[in-house]
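Below is one structure, written out as structure tokens, with a few remarks after it.
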């Protein structure tokens with residue numbers, strides 16, 4: 010409702026739960042003069058790249074941790090899981106300095122790479138593989154299959170539910186990421202949807218002498234929320250499967 014309300018409408022006392030004099034001005038302000046289609050394309054590109062690379066690393070790492078247990082392997086696995094305790098914001102400055110030294114600051118690569126490592130997804134996938142009998146692997150080896158053939162033709166098809174769940178989590182996390190993308194993607198043509206729309210909101214605030222543009226913020230929030238809602242509606246069952254895969258071990 011607030012996204013369809015004039016700025017003056019938020020100052021009316023007493024406030025009302027019903028919409029008075031609805032307007033689409035807030036949406037026009039957020040979207041006007043902005044390459045929204047390009048921003049949406051950047052968002053899709055970054056999200057898809059993150060999911061593909063993250064699933065690739067999780068498949069290989071999860072297979073190693075599940076099929077080759079041992080003290081050294083378990084120790085490395087625990088180290089991976091302990092990184093969950095490190096807040097993402099603590100790593101922003103070191104990551105920014107590293108990518109700037111590599112000449113990747115301001116690129117989409119700098120946005121994708123930090124999101125590829127997803128220890129929660131590794132935990133879910135490894136636990137799911139533990140429930141898959143190694144008899145499938147043994148049969149494939151008897152038939153002369155290599156490790157790569159076992160992974161690609163046996164493990165991956167059997168673990169599709171877990172991969173779908175992890176991929177959904179990775180995609181949602183990539184779409185929600187704001188602070189890191191805001192720091193890295195300074196060029197307008199490389200911004201994602203969330204960064205571009207919030208940049209427009211900040212510009213609107215400057216034009217109003219730093220008056221809080223509540224309606225404009227709500228309009229931007231609705232636009233950003235719609236893709237997340239659609240993804241959840243389509244893939245919501247994978248969220249439940251992901252939680253079950255990570256919490257149940259036979």
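In my numbering, the protein residues as written are 10 to 259.
For each residue, glycine too, the CB sits at the ideal point set by N, CA and C.
No experiment lies behind these values; they were computed from the predicted model shown.
- For residue 200, the secondary structure class from DSSP, reduced to helix, strand or coil, is coil.
- The Cβ-Cβ distance between residue 194 and residue 115 falls below 8 Å.
- Counting other Cβ atoms within 10 Å of its Cβ, residue 161 stays below 16 and is therefore classed as exposed.
- With 16 or more other Cβ atoms from the protein chains shown falling within 10 Å of its own Cβ, residue 121 counts as buried.
- For residue 205, same chain residues with a beta-carbon under 8 Å away, outside a window of 5 residues either side, are 43, 44, 45, 48 and 197 in chain order.
- Secondary structure of residue 195 (DSSP, three-state): coil.
- The segment 89-103 and the segment 140-157 do not touch, with fewer than 3 CB-CB distances between them shorter than 8 Å.
- Annotated three-state conformation of residue 43 is coil, per DSSP.
- It is roughly 22 Å from the alpha-carbon of residue 103 to the alpha-carbon of residue 129.
- According to the DSSP assignment, residue 124 belongs to the alpha helix (DSSP H) that extends over 117-125.
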